[in-house]
Amino acid sequence: MAQVIPVNVQVPAASTAPLVADFVSHALRVAYAARRDVDRLSGDEWGVPGIYVLLTDDGSHHLYVGQAVDLRKRLLQHRSRPKLPWVRAVAIKRDTSHGFNSAEIGYLEGRVAAEVAAIPGVTVIEGRRDQDTTLPPHMLLSLDELLSSVLAALRLAGVDTHKEADEPEGKTLSASRRKRPTAKYGTVADLLALGLLRAGAEVHLSQGGRSANGTVTTSGEIVYGGVSYASPSKAAQQALGLQSSNGWTTWHVGNINGPTLDSLRDQIAETVGEVVE
Numbered sequence: 001m002a003q004v005i006p007v008n009v010q011v012p013a014a015s016t017a018p019l020v021a022d023f024v025s026h027a028l029r030v031a032y033a034a035r036r037d038v039d040r041l042s043g044d045e046w047g048v049p050g051i052y053v054l055l056t057d058d059g060s061h062h063l064y065v066g067q068a069v070d071l072r073k074r075l076l077q078h079r080s081r082p083k084l085p086w087v088r089a090v091a092i093k094r095d096t097s098h099g100f101n102s103a104e105i106g107y108l109e110g111r112v113a114a115e116v117a118a119i120p121g122v123t124v125i126e127g128r129r130d131q132d133t134t135l136p137p138h139m140l141l142s143l144d145e146l147l148s149s150v151l152a153a154l155r156l157a158g159v160d161t162h163k164e165a166d167e168p169e170g171k172t173l174s175a176s177r178r179k180r181p182t183a184k185y186g187t188v189a190d191l192l193a194l195g196l197l198r199a200g201a202e203v204h205l206s207q208g209g210r211s212a213n214g215t216v217t218t219s220g221e222i223v224y225g226g227v228s229y230a231s232p233s234k235a236a237q238q239a240l241g242l243q244s245s246n247g248w249t250t251w252h253v254g255n256i257n258g259p260t261l262d263s264l265r266d267q268i269a270e271t272v273g274e275v276v277e
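The opening position of the sequence shown corresponds to residue 1 in UniProt numbering, with each subsequent residue numbered one higher.
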């Protein structure tokens, strides 16, 4: 069953009032405002740090991804001095007592810009690709977890966030009852759950004169170039610029001489003893 992201949407009776959606799992509040109506955003609520996406409707599929310490003020600046012919804004803030800080929105801006730019046919205008990485690793992991809700927020705005086929690789542990399966079993998420791999671990590859590194998220994805991939092979393919690549044997954990993901997966049978449904 596909993951469901719970969201509460408030639709004001006034046609010019921005819609507001609360993504409860990650404590994000999102405002959807037409360009003409951004001044209707409350300064008390939206004069805070966050990220935003400006959407066009001219068929160009051009988007602008930005950050601001004052979302309302920045959107008003974009209305009077537009970087592109945008018609709607999606403003995202943390719905907590402290909210985001400048380093957090710097990282998120880069991550969201990279994720959106990876969508076929979409062009990010002046969005940052070099996300701020000055935060400690555990904070970067917690921010990475927000991306599913951020992309869901864009889907509610009508953005097609579908990327090329990118599914978790490997048969899950529930796929067999055999004690020592000869086939490869387990996903990256299973490696995390069994303690064979830790969230935040760096992974490295080097092949054909090209090298790259990524990080493992709490959900078992690999982030390379600011984009998260559910498939290790898809991440390796993008990193190496190839049509195909076996990410299980290509990605090494810790450093280029560290164990491969595949060698860690070989330990699953020993760790669990018996695979059960």
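No residue lacks a Cβ here, since even glycine has one placed at the ideal position from N, Cα and C. Owing to the predicted nature of the structure, the values given are computational and were not obtained by experimental measurement.
Where the alpha helix (DSSP H) through residue i begins and ends
i: residue 234; result: 232–240
i: residue 281; result: Outside the shown range of the chain (1 to 277) lies residue 281, about which nothing can therefore be said.
i: residue 45; result: 43–46
i: residue 254; result: Premise fails: residue 254 is in no alpha helix (DSSP H) and is neither H nor E.
Burial state of residue i (16 or more Cβ within 10 Å)
i: residue 256; result: exposed
i: residue 187; result: buried
i: residue 4; result: exposed
i: residue 265; result: buried
i: residue 166; result: buried
i: residue 223; result: buried
i: residue 14; result: exposed
i: residue 261; result: buried
i: residue 49; result: buried
Under the three-state DSSP convention, the category residue i falls into
i: residue 138; result: helix
i: residue 66; result: strand
i: residue 182; result: Note on residue 182: pLDDT 48, under 50, position unreliable in the model; no value is reported.
i: residue 207; result: strand
i: residue 226; result: coil
i: residue 269; result: helix
i: residue 202; result: strand
i: residue 10; result: strand
i: residue 22; result: strand
i: residue 194; result: coil
i: residue 54; result: strand
i: residue 218; result: coil
i: residue 152; result: helix
i: residue 212; result: strand
i: residue 188; result: helix
i: residue 38; result: helix
Alpha carbon of residue i to alpha carbon of residue j, nearest angstrom
i: residue 55; j: residue 45; result: 22 Å
i: residue 40; j: residue 106; result: 26 Å
i: residue 246; j: residue 123; result: 29 Å
i: residue 9; j: residue 151; result: 16 Å
i: residue 87; j: residue 229; result: 31 Å
i: residue 207; j: residue 23; result: 41 Å
i: residue 139; j: residue 199; result: 12 Å
i: residue 263; j: residue 119; result: 32 Å
i: residue 252; j: residue 201; result: 10 Å
i: residue 209; j: residue 27; result: 43 Å
i: residue 240; j: residue 52; result: 31 Å
i: residue 99; j: residue 189; result: 29 Å
i: residue 193; j: residue 70; result: 39 Å
i: residue 83; j: residue 217; result: 33 Å
i: residue 276; j: residue 231; result: The predicted model places residue 276 with a pLDDT of 37, which falls under 50 and marks its position as unreliable, so this point remains unresolved.
i: residue 158; j: residue 269; result: 44 Å
Integer-rounded CB distance, given that residue j should sit under 8 Å from residue i
i: residue 134; j: residue 114; result: Residue 134 to residue 114, Cβ: 17 Å. No contact.
i: residue 108; j: residue 76; result: Going by Cβ atoms, the distance from residue 108 to residue 76 rounds to 21 Å, so no, they are not a contact pair.
i: residue 35; j: residue 93; result: About 19 Å; that fails the 8 Å criterion.
Extent of the continuous beta strand (DSSP E) run through residue i
i: residue 105; result: Note, residue 105: premise wrong, no beta strand (DSSP E); alpha helix (DSSP H) at 102–117.
i: residue 94; result: 88–94
i: residue 33; result: 28–34
heavy atom of the ligand ATP below 7 Å from residue i C-beta
i: residue 247; result: This structure does not include the ligand ATP; it has no bound ligands of any sort.
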